[in-house]
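Residue numbers (this note's numbering): 29 to 135. Every residue, glycine too, gets a C-beta built ideally from N, C-alpha and C. Each remark here refers to the structure printed beneath this line.
See the structure below:
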């Protein structure tokens, strides 16, 4: 991955990404290698130490995730529901029926 791509993913300035990469490189977690097709660019790669840290972080977050107790099917249902929330409001007819239901429950 290039520094530019990392900056895009993190939604930060290229200079901020470069500073982060510099710090990670000093700690021995990443290295810069020549880009295979663009002589101007460098590819940022995890070192073996960086891979080991990544694996530990993934294991820790997976084990301590509030979603860890959900089975696969429950996670899929949750994913579907959250996707619906993210994608915006329901169609007018369905949204109206939900409003009516809420009004009825309040009375």
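| Query | Result |
| --- | --- |
| Residues in its own chain within less than 8 angstroms of residue 96 by CB, not counting five upstream and five downstream? | 90 |
| For the region 57-64 and the region 37-47, state whether three or more C-beta atom pairs, one from each stretch, are separated by less than 8 angstroms. | no |
| Residue 60 by DSSP, collapsed to three states: which one? | strand |
| Whose CA, out of 100, 53 and 94, lies closest to the CA of residue 71? | 53 |
| Output yes or no for whether 7 angstroms exceeds the beta carbon distance between residue 69 and residue 30. | yes |
| Alpha carbons only, please: which of 113, 50, 39 and 115 is nearest the one belonging to residue 73? | 50 |
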